[in-house]
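Undergrad: Here it is: the structure, laid out below.
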Ligand code: MN
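Below, the structure is given as structure tokens:
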């Protein structure tokens, strides 16, 4: 298993350098502090999934840009883990397809309200097991195994598990504008 914080450090630094952006400009665009960005680039800190999304959206790039491992055959092993949420990369973003795909395992009582992603982002969720609720246009919609949901994610949205067992779903995130 590759170390996600090492990939994040390498990829964030490379991306920011390519853009020619200062830490100040990057902080303003992402809403993540300059101090935190510096720590991430030096590999001194592991970002939360929420922070990583802020950076991806602010730089107008895919989420998987940061967790990509440059070594061949490592893609399927990319994983981010927080206390109540595990994210496994099934397919990282590719320019040709414009999407990335993840498997998420969400523990009971997890709830996350997500700010809008970059313009044109569409999420496609397919429930594999358990139950979650997804906030779309102000309504929490319940999903059980086999259910699917497609929604415009360039608006505020959210995810929660109010059941008493873990839930697993796949999400395909389609970008119409991200370049990397
Ligand atoms: Mn989202």
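Numbering (our numbering), first residue to last: 1297 to 1476.
Ideal Cβ placement from N, Cα and C applies to all residues, glycine included.
Remember, it's a predicted structure, so these values are computed and weren't measured experimentally.
1) Look up residue 1444 in the DSSP assignment and say whether it is helix, strand or coil.
2) Report whether the distance from the Cβ of residue 1410 to the nearest heavy atom of the ligand MN is below 7 Å.
3) What is the DSSP secondary structure of residue 1333, reduced to helix, strand or coil?
4) In the DSSP assignment, the alpha helix (DSSP H) including residue 1449 goes from what residue to what residue?
5) Out of 1348, 1382, 1331 and 1353, which one is the CA nearest neighbour of residue 1475?
6) Measuring straight from C-alpha to C-alpha, what distance separates residue 1389 and residue 1418?
7) Apply the 10 Å Cβ neighbour rule to residue 1472 and answer buried if 16 or more other Cβ atoms are within range, or exposed otherwise.
8) On the CB-based measure, 16 or more other CB atoms within 10 Å of its CB, does residue 1372 come out buried or exposed?
9) Whose CA, out of 1375, 1393 and 1436, lies closest to the CA of residue 1345?
10) Is any heavy atom of the ligand MN found at a distance shorter than 7 Å from the C-beta of residue 1449?
TA: This is what the structure gives:
1) Strand at residue 1444.
2) Because some heavy atom of the ligand MN lies under 7 Å away, the Cβ of residue 1410 counts as near it: yes.
3) DSSP places residue 1333 in helix when its eight states are reduced to three.
4) Counting along the chain, residue 1449 falls outside any alpha helix (DSSP H), and DSSP gives it neither H nor E.
5) Check the Cα spacing between residue 1475 and each of 1348, 1382, 1331 and 1353: the tightest is with 1353.
6) Going by the C-alpha atoms only, they are around 14 Å apart.
7) Flag for residue 1472 reads exposed.
8) In this predicted model, residue 1372 has a pLDDT of only 46, less than 50, meaning its place in the structure is not dependable; the value taken from the coordinates is given anyway. By the C-beta density criterion, residue 1372 is exposed, having fewer than 16 other C-beta atoms within 10 angstroms.
9) Of the candidates 1375, 1393 and 1436, the one whose C-alpha sits nearest the C-alpha of residue 1345 is 1375.
10) When distances are taken from the beta-carbon of residue 1449 to the heavy atoms of the ligand MN, the shortest one is below 7 Å.
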